[in-house]
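Undergrad: End of the sequence shown = 714 in our numbering, gap-free, step of one.
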Amino acid sequence: MAFLDMAGIASIMPFMAVVANPDVIQTNRWLKQAYDFFGFTSSHDFLFFLGSVVLGMMIFSNLAKFLVGWLALRFDNGINYSLARRLLAAYLARPYDFFLNRNVAEMGKNVLTEVRTVIGGVLSAGMYALQGIVISFFILALLAAVNPYIAANILVVLGICYGLVYIAVRRRLARIGEEQVESNVQKYKAAGEALGGIKDLKILGRERLFLEKFSFYAQRHARNNVTAGVISQLPRYALEVMAFGGILLIVLILLGAERKQEQMIPLLALYALAGYRLLPALQSIFAGIASVRFNLAALDVLHRDLIENRGEVDPEMALAGCGNLDPLPFTRELELIDVTFRYAEGQEPVLKNLHLTIPINNTIGFVGATGSGKTTAVDIILGLLSPSSGEIQIDGTHLNGKNLARWQRNLGYVPQTIFLCDDTVTRNIAFGVPDAEIDHEAVARAARIANLDSFVREEMPEGYDTVIGDRGIRLSGGQRQRIGIARALYSDPAVLILDEATSALDGLTEEAVMDAISHLSRKKTILMIAHRLTTVKDCDVIYLLDHGRIVNQGSYDDLEKSSAWFRAAARIGSTSTKQDNHAVSSR
128 MAFLDMAGIA
138 SIMPFMAVVA
148 NPDVIQTNRW
158 LKQAYDFFGF
168 TSSHDFLFFL
178 GSVVLGMMIF
188 SNLAKFLVGW
198 LALRFDNGIN
208 YSLARRLLAA
218 YLARPYDFFL
228 NRNVAEMGKN
238 VLTEVRTVIG
248 GVLSAGMYAL
258 QGIVISFFIL
268 ALLAAVNPYI
278 AANILVVLGI
288 CYGLVYIAVR
298 RRLARIGEEQ
308 VESNVQKYKA
318 AGEALGGIKD
328 LKILGRERLF
338 LEKFSFYAQR
348 HARNNVTAGV
358 ISQLPRYALE
368 VMAFGGILLI
378 VLILLGAERK
388 QEQMIPLLAL
398 YALAGYRLLP
408 ALQSIFAGIA
418 SVRFNLAALD
428 VLHRDLIENR
438 GEVDPEMALA
448 GCGNLDPLPF
458 TRELELIDVT
468 FRYAEGQEPV
478 LKNLHLTIPI
488 NNTIGFVGAT
498 GSGKTTAVDI
508 ILGLLSPSSG
518 EIQIDGTHLN
528 GKNLARWQRN
538 LGYVPQTIFL
548 CDDTVTRNIA
558 FGVPDAEIDH
568 EAVARAARIA
578 NLDSFVREEM
588 PEGYDTVIGD
598 RGIRLSGGQR
608 QRIGIARALY
618 SDPAVLILDE
628 ATSALDGLTE
638 EAVMDAISHL
648 SRKKTILMIA
658 HRLTTVKDCD
668 VIYLLDHGRI
678 VNQGSYDDLE
688 KSSAWFRAAA
698 RIGSTSTKQD
708 NHAVSSR
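Dropping the structure here:
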């Protein structure tokens, strides 16, 4: 490309020389050879030929630029797709505890916005700057071949001008670049929180706070973009004036050297066309460097999340999925051996030396006051959290990173809060399964167990193909929870884990669902965290936790006799009652 630009610029000289003085055809060796080789008989025809060559060179150069631009766009968008996919895959492959310390809006912003920012503002800008350097080199080399003194002066003057401007603005570019990343995060958070909490905001009438928060960061984001754009274009306007003045200076220099008009015109045409090509190239260099400086903060974000952690996780695992793995054999028992867990080093343990054995096809209940460690214990059994010390064994096999995905193929899990997509009932039950692979009989079977099938068929306008809205907004809390239960049962798991899974159901629906689940006992291993103690009445063993320890265990009747706290909780029908060490151990 740079060579074509140089050739196009150089081709103007012979054309303008012949325009100024047709007799130069006979005095210039190269023009004379071309004139004779092509058999011209008139200078007018030869001039038309030279003009056609110049025009052809310009057309070819611009077509080549168009092709290169098209290829660059394809490259940019291909890299954008690839990098965004890799970043999302890297997030998906991270362990669950990674997400406990990260904001979902920030990660979404990184995938959707910062990748594009880095591609456009760092990679593409850097490539355009490099292209500008190459073009400038060839143009200055051509000018140096014609007049080294003028070429050297152009290089020194323009280099000093651009260098001084960059030195003056580089720190400001870095600072507003960091502000830009933070503003982007806060914009996404404000918008996500406002829309996610719209029900509460409508009731409380507090929409304006979130609107103003979003507006503050959006305005700062826009202001920084404007500042960066102005800075990147800053030298251009001043240098256009300087370039015009430079042409006038060259005219004076040539006049002072007593050049003839027919010699001056080709040189002036050369310098004018060189300036026409050189200034945009130099501007590309400056704008590219300024853009890279401005967007380095965004590059640091991607480097942290994608490059620094690449040795810890294999993003391709997230892309390939683990759904086709064979489940880890589970034929005897699940055992937690002296499991201790803390969320961060130096913090008080949430679980302390937890030791329990869960035989296959038993129904186990976990009860205790809020903060006693029930959900954390279940998260460890699910493989979402790793013990700080101690271990988990499945049929005597140590559970670790190598066999964790296979263990999870045994599990069906119903969390306290059900996540639902803005999609059909079928796709929400068969969550994450491609349409072509959905087992519709399994969907209906799971819905029947969850006491959902008749509601879907009789009351939803399109049955299982009804779209339920963002986060299931068109459903009641109980209906959302039943879809969550059906989702857990869809794959017919060997282990069913219910984390207060019936807390949003009315009494009759809860009774129907628990009756259906009770029919699965002796066929599946069922673990239940109870909010209402009525749900754990039929458990084989109930573990009572307090401050991360098992303080009592036994059947429902056993705990009613041995635990004052359990008796009090059973009396009011909820585990939300306050718990203390004396109460839980009192007989």
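Yeah, the Cβ is synthetic: ideal placement off N, Cα and C, and Gly gets one too.
As the structure is a prediction and not an experimental result, all values here were calculated from the model.
1) Could you give the residue range of the alpha helix (DSSP H) that holds HIS171?
2) When you compare the CB positions of PHE413 and PRO362, do they come within less than 8 angstroms of one another, or not?
3) May I ask you to report which of helix, strand or coil DSSP gives ASN263?
4) Ordered along the chain, which non-local residues of its own chain (more than five positions away) have a Cβ less than 7 angstroms from that of LYS479?
5) What are the boundary residues of the alpha helix (DSSP H) that includes SER310?
6) Is the distance from the Cβ of GLY510 to the Cβ of TYR255 below 8 angstroms?
7) Is it right to say GLN608 is buried, meaning 16 or more other beta carbons lie within 10 angstroms of its own, or is it exposed?
8) Pop quiz: ALA557 and ILE565 are said to be a contact at Cβ under 8 angstroms. What is the actual Cβ separation, rounded to whole angstroms?
9) With contact counted as at least three CB pairs below 8 angstroms, one residue from each stretch, are the stretch 657-671 and the stretch 522-532 in contact?
10) Under the rule that 16 or more other beta-carbon atoms within 10 Å means buried, what is ILE519, buried or exposed?
11) Considering just the uninterrupted stretch of the alpha helix (DSSP H) at HIS658, what are its terminal residues?
12) On a CA-only basis, which of ASN207, TYR364, LEU625 is nearest VAL292? Give me that one, please.
13) What is the residue span of the beta strand (DSSP E) that ASP673 lies within?
14) Looking at the structure shown, is GLN543 part of a helix, part of a strand, or coil, going by DSSP?
15) Where does PRO514 sit, in a helix, a strand or coil, going by DSSP?
16) Once the 5 residues before and after ILE464 are set aside, which same chain residues still bring their CB inside 7 angstroms of it?
17) If I follow the unbroken alpha helix (DSSP H) through HIS567, where does it start and stop?
18) Let me know the secondary structure DSSP gives THR551 once reduced to three states.
19) Does the beta-carbon of PRO588 have 16 or more other beta-carbons within 10 angstroms, so that it is buried, or is it exposed?
20) Once you ignore the five residues that flank GLU627 on each side, which residues in its own chain have a CB closer than 6 angstroms to its CB?
21) Cβ of GLU306 within 8 angstroms of Cβ of ARG347?
22) For VAL273 and LEU177, which I take to be in contact (beta-carbon distance under 8 angstroms), what is that distance rounded to the nearest angstrom?
23) So who's on the other strand from LEU461, going by DSSP bridges?
24) Using the beta-carbon count (16 or more within 10 Å), is GLU197 buried or exposed?
25) If I'm right that ALA401 touches ILE186 with Cβ under 8 angstroms, what's the distance once you round it to whole angstroms?
26) If contacts are defined as beta-carbon pairs under 8 angstroms, then SER359 and ALA417 qualify, I think. What distance do you get, rounded to the angstrom?
27) With distances taken from CA atoms, which of ARG598, LEU409, THR497, PHE226 is nearest HIS259?
28) Can you tell me the Cα-Cα spacing of SER263 and LEU405, whole angstroms?
29) Just verifying my parser: in three-state terms, what is the DSSP assignment at PHE493?
30) Whole-angstrom Cβ separation of VAL552 and TYR617, contact assumed at under 8 angstroms?
31) Quick one: give me the first and last residue of the beta strand (DSSP E) that ILE721 is part of.
32) In this structure, does DSSP put PHE341 in helix, strand or coil?
33) Relative to the C-alpha of CYS666, which candidate in ILE644, ASP673, LEU672, VAL678 has its C-alpha closest?
34) Skipping 5 residues on each side, what residues in its chain have a beta carbon closer than 6 angstroms to that of SER515?
35) Quick one: what does DSSP say GLN153 is sitting in, helix, strand or coil?
36) When we look at the beta-carbon of ASP172 and count the other beta-carbons within 10 Å, is it buried (16 or more) or exposed?
TA: Working from what's here:
1) 170-219
2) yes
3) Just to set this straight, residue 263 is Ser in the shown sequence, not Asn. Correct three-state label for SER263: helix.
4) Excluding sequence neighbours, LYS479 sits near THR467, GLY675, ARG676.
5) 275-323
6) No, the pair does not count as a contact, with Cβ atoms beyond the cut-off.
7) buried
8) Cβ atoms of ALA557 and ILE565 come within 8 angstroms of each other, at about 5 angstroms.
9) no
10) That one is buried.
11) Judged by DSSP secondary structure, HIS658 falls outside any alpha helix (DSSP H); it is assigned neither H nor E.
12) TYR364
13) 668-673
14) coil
15) coil
16) HIS482, GLY517, GLU518, GLN520
17) 567-576
18) strand
19) exposed
20) GLN543, ILE656, HIS658
21) yes
22) Incorrect: roughly 18 angstroms between the Cβ atoms, too far for contact.
23) ILE485, ILE521
24) The sequence given here places Trp at residue 197; Glu does not occur at that position. TRP197 sits exposed, since fewer than 16 C-beta atoms from the chains shown fall within 10 Å of its C-beta.
25) Not really, about 19 angstroms apart at Cβ, beyond 8 angstroms.
26) Correct: roughly 4 angstroms between the Cβ atoms.
27) The sequence given here places Gly at residue 259; His does not occur at that position. Minimum Cα distance to GLY259 is reached at LEU409.
28) Spanning the two alpha carbons is a distance of roughly 6 angstroms.
29) strand
30) Rounded, the Cβ-Cβ distance is 12 angstroms, inconsistent with contact.
31) As displayed, the chain neither begins before 128 nor continues past 714, which places residue 721 out of reach and without an answer.
32) helix
33) ILE644
34) THR467, PHE468, ARG469
35) helix
36) exposed
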